[in-house]
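**Q**
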Amino acid sequence: MSVEITIEKIQNSRIDQFDPENIGFGKIFTDHMFLANWDGTTWTNPRIVPYGPLSLSPATSAIHYGQSIFEGMKAFINKKTGKPMLFRPRENAKRLNRSAERMVMPTVPEDLFMDGLKALISLDSAWIPNNEGASLYIRPFMFATDDFIGVKPSEHYIFAIFCCPVGLYYTKALKIKVEEEFSRAAPGGVGFTKCAGNYGGAMYPTLQAQKEGYDQVLWTDPLTHTLVEETGTTNLFAVFENEIVTPALGNTLLSGITRDSVIKGLTHLGHPVTERNLSVKELKNQLAAGTLKEIFITGTAATLMKIQGFGHQGNYFEVMDQGNSEVSDSIKNWLNRVRLGESEDVFEWNESV
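So this is what it looks like as structure tokens:
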């Protein structure tokens, strides 16, 4: 069922201010954004308008009580057809709704999500960069809008999508610190959602790690701080001599769409992945034995990045001196070629606009 969307085009495009060779990440925004309002019973007034500020009451519920969720996804230019393609967008729609249900927010029908998304990308397709490593980052999000002070679910919400052309999120291999004091999420909490508070709470320990010379934190389980969970805002993979391991999902880990793509892709390439508990002790023991070949992380923004080494209890452990990146290189190259239409889309992940 098609959603009727009203469109108000910008009078003067800002695209001439956009330099594809000097993009950065998250600082440049396209001409338009998609908006829809929840009136307490249904989504209303789906529309595309010029990108710009939203007018909000100081009492807006999301600001005070945290009912705010988001997604991250990307669009690419297909190298064969020259047309914009979305990578696994329906998985983002599903994950947004899992977050919404946990945060007592209305779910977004898939046709509203997809029709709004495709209309926006079609309108702003000229902003999709075509140079190596670049893409159009897409940010769907939803937040509570009741102007009310009191702890209760809001009755009104805004669902919105905006876009920004981006380059590489990370430009070099990362050094990560094993975090044993702070926790990203608690059992039974909201760690499996993409709610705003998860990211705000991670900023302080991340900043402390950066002051110590690390790029990111390696989150561990909140009960024992011995099991690997996530790295910053990404999922982690460890390549051992006879096994590739990624931590098993639970309610303290985000189910990464890139993570799932890498698991399926590696299996397709003949490198099956084991999802199980992975301890910091095992990483250290395998490294000492020479059987830890590489560690890499995956995420929408980061795509795939290698880990240089990790710090634990005041000691630093170099990983990349093992000199082996066969697995990470192969899956990164395969995934990029699939997204750009240069390799067969065996899982039918790409969707045209």
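Numbering (the numbering used here), first residue to last: -1 to 351. Note that the Cβ used here is the ideal one computed from N, Cα and C, for glycine as well. The model shown is predicted, which means the values in this text are computed figures rather than measured ones.
#1: Excluding the 5 residues flanking R100 on each side, which residues of the same chain have their C-beta closer than 7 Å to its C-beta?
#2: Just verifying my parser: in three-state terms, what is the DSSP assignment at P87?
#3: Please list, in chain order, all residues of the same chain as T105 whose beta carbon is under 6 Å from its beta carbon, the five residues on each side excluded.
#4: F235 by DSSP, collapsed to three states: which one?
#5: Go to I329, then tell me how far its alpha helix (DSSP H) extends in each direction, as first and last residue.
#6: Where are the beta strand (DSSP E) runs, 3 residues long or more, that stay fully inside the region 237 to 277, in chain order?
#7: Less than 8 Å between the CB atoms is what I'm expecting for L225 and N275, so what's the real figure, rounded?
#8: With distance defined between alpha-carbon atoms, name the residue in T79, I8 and D319 nearest to N128.
#9: Looking at the structure shown, is P203 part of a helix, part of a strand, or coil, going by DSSP?
#10: Got a sec? Which residues, its chain only, sit under 7 Å from H269 by beta carbon, not counting five neighbours each side?
#11: Alpha carbon to alpha carbon, how far is A60 from Y168?
#12: As a quick exercise: from Y63, G198 and D29, pick the residue whose alpha carbon is nearest that of S152.
#13: Using beta-carbon positions only, say whether Y135 and I174 come within less than 8 Å of one another.
#14: Which residues in the same chain have their Cβ closer than 6 Å to the Cβ of L84, if we skip the five residues on either side of it in sequence?
#15: Please report how far the alpha carbon of I46 lies from the alpha carbon of L118, in whole angstroms.
#16: Evaluate the contact criterion for the region 106 to 113 versus the region 28 to 46: three or more CB pairs, one atom per stretch, below 8 Å.
**A** Taking the definition as stated:
#1: Only V188 and T191 meet the Cβ criterion.
#2: Residue state, collapsed to three classes: helix.
#3: Cβ within range, chain order: N95 and A98.
#4: Note: F235 maps to strand in three-state DSSP.
#5: E324 to R337 is the extent of the alpha helix (DSSP H) around I329.
#6: With a minimum length of 3 residues, the unbroken runs of beta strand (DSSP E) contained wholly in the region 237 to 277 fall at 242 to 245 and 271 to 274.
#7: Correct: roughly 5 Å between the Cβ atoms.
#8: The option with the nearest alpha carbon to N128 is T79.
#9: P203: helix per DSSP, three-state reduction.
#10: In the same chain as H269, and ignoring 5 residues on each side of it, the C-beta atoms closer than 7 Å to its own belong to I242 and V325, in chain order.
#11: Those two C-alpha atoms are separated by around 30 Å.
#12: With distances taken between Cα atoms, S152 lies closest to Y63.
#13: No Cβ-Cβ contact shorter than 8 Å links Y135 with I174.
#14: Taken in chain order, the residues that qualify are A73 and E349.
#15: For I46 and L118, the gap between their C-alpha atoms comes out near 7 Å.
#16: Flag = yes, the region 106 to 113 and the region 28 to 46 touch.
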